[in-house]
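Be aware that the sequence shown starts at 1, since it is given in full-length UniProt numbering, and climbs by one per residue. Glycine included, each C-beta is placed from N, C-alpha and C at the ideal position. As the structure is a computational prediction, the values presented were derived from the model and not from experiment. What follows is a set of notes on a single structure, which appears directly below.
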Amino acid sequence: MTTVSAALSGTFSIGGTTPVVRLGYGTMQLTGEGVWGDPQDPDEAIRVLQRAVERGVTFFDTADSYGPVVAEQLLKKALHPYGDDIVIATKAGLTRSGPGEWRPVGRPEYLRQQAELSLRNLGLEQIPLFQLHRIDPQVPLADQVGELALLQQEGKIKHIGLSEVGVNDVKAAGEFATIDSVQNLYSLAHRDAEELLHYAQQNSIAFIPWFPLATGRLAAEGGPLDTLASKYHATPSQLALAWLLRRSPVVLPIPGTSSVAHLNDNIDAAALSLTDEEFAELEAAV
């Protein structure tokens with residue numbers, strides 16, 4: 001049986017200059033419960049990351065707050081020195097006070113500190129994509145995005161992105177820096193960010209859906225995705241990813257997992273090519 005490469009999902013150039021394979025990998029699930037602490041099986045975590053590269057993944061999404069620090073250091077341990085085609089996106093702007101607890105902090109000095117720490121923890125001289133994890137309502141947007149622009153001018157980050165934002169946020173941030181990516185909750189089952197996706201496609205901005213497999217009851221036994229999966233000889237997760245890849249050429253899904261078996265299953269979605277009718281049938285199942 002031929003091994004499917006993630007490269008079958010196609011490519012997208014972030015900011016028009018940084019090409020990535022569209023089907024990427026998100027590292028949040030590599031940490032402990034509540035996205036806190038070390039993974040239950042550190043060796044499997046390393047295997048997952050290395051297998052992702054073997055299967056053609058070039059885009060890895062992480063954050064300083066995953067662990068905290070744990071996910072970034074796992075990437076370095078598993079993949080450093082990175083191949084020329086590997087692109088790592090990390091984030092700063094959320095602090096952690098315990099398992100499952102997240103608090104936005106967008107003070108410029110804090111964002112700069114976290115960028116410097118991410119450079120060290122990842123073993124990079126420049127972060128390919130640095131994303132503001134959340135806009136801090138207590139800090140002027142000009143100060144938050146402006147600091148990222150300064151880091152960019154200094155060569156410490158290449159591209160700037162935003163997470164959990166609306167179109168007006170992107171336009172406002174665009175007054176202080178070029179925004180090359182947005183990252184919002186989005187999946188077949190959760191499409192509240194349609195307006196943002198439309199804006200991203202119009203402006204060639206990478207749209208990185210987090211929690212892309214949030215299919216819930218749709219994938220339950222006897223549910224719409226479960227039924228269609230049998231019809232298409234695929235798994236519900238594969239169909240959910242195939243739908244995202246078909247939805248727009250700017251979409252970069254980053255499904256995460258702590259299991260090599262699940263990783264392999266996700267990457268096989270790159271081989272699924274939905275027709276217009278199949279795409280519409282999946283969409284209508286929601």
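Can you give the beta carbon distance from residue i to residue j, rounded, assuming they're within the 8 Å contact cut?
i: residue 163; j: residue 91; result: 6 Å
i: residue 209; j: residue 240; result: Actually they are not in contact, since the Cβ atoms of residue 209 and residue 240 sit about 10 Å apart, beyond 8 Å.
i: residue 245; j: residue 22; result: 6 Å
i: residue 267; j: residue 6; result: 5 Å
i: residue 236; j: residue 24; result: That pair is no contact at about 20 Å.
Bridge partners for residue i per DSSP, in chain order?
i: residue 320; result: A query on residue 320 cannot be resolved here, the shown segment of the chain reaching from 1 to 286 and no further.
i: residue 14; result: 18
i: residue 59; result: 87
i: residue 207; result: 182, 251
i: residue 241; result: The partner list for residue 241 (beta bridge, DSSP) is empty, contrary to what the question assumes.
Considering Cα atoms alone, identify which of the options is closest to residue i.
i: residue 96; options: 123, 244, 78, 134; result: 134
i: residue 57; options: 26, 72, 232, 184; result: 26
i: residue 94; options: 46, 272, 59, 67; result: 67
i: residue 138; options: 45, 41, 108, 53; result: 108
i: residue 269; options: 285, 283, 229, 74; result: 229
i: residue 75; options: 111, 99, 38; result: 38
i: residue 8; options: 256, 249, 136, 280; result: 249
i: residue 271; options: 176, 234, 175; result: 234
Distance cutoff 8 Å, beta carbons only. Does residue i sit that close to anything in chain C?
i: residue 63; result: The question asks about chain C, but that chain is absent: this structure has only one protein chain.
Residue ranges of each alpha helix (DSSP H) run of no fewer than 4 residues wholly in the segment 177-202, ordered along the chain?
Every unbroken stretch of the alpha helix (DSSP H) spanning 4 or more residues and falling wholly within the segment 177-202 is given here in chain order: 194-202.
How do the segment 103-111 and the segment 59-72 stand: do at least 3 beta-carbon pairs fall below 8 Å, yes or no?
Segment contact: the segment 103-111 against the segment 59-72, fewer than three CB-CB distances shorter than 8 Å; contact not assigned.
Minimum length 3: unbroken beta strand (DSSP E) runs contained in the segment 246-284:
Entirely contained in the segment 246-284, not one beta strand (DSSP E) run reaches 3 residues.
Any chance the segment 186-201 sits against the segment 130-146, with 3 or more Cβ pairs inside 8 Å?
Proximity of the segment 186-201 to the segment 130-146 falls short of the contact definition, fewer than three beta-carbon pairs being nearer than 8 Å.
For the segment 219-229 against the segment 248-263, do three or more pairs of beta-carbon atoms, one drawn from each stretch, fall closer than 8 Å, so that the two count as touching?
Too few Cβ pairs lie closer than 8 Å, so no.
Taking only runs of the alpha helix (DSSP H) that begin and end inside the segment 88-154, which ones reach a length of at least 4 residues, in chain order?
Listed in chain order, the alpha helix (DSSP H) runs fully inside the segment 88-154 are 108-122, 141-153, counting runs of at least 4 residues.
Flag this pair as touching only if the segment 115-132 and the segment 144-159 have three or more C-beta atom pairs under 8 Å; answer yes or no.
At 8 Å Cβ cutoff, the stretches touch.
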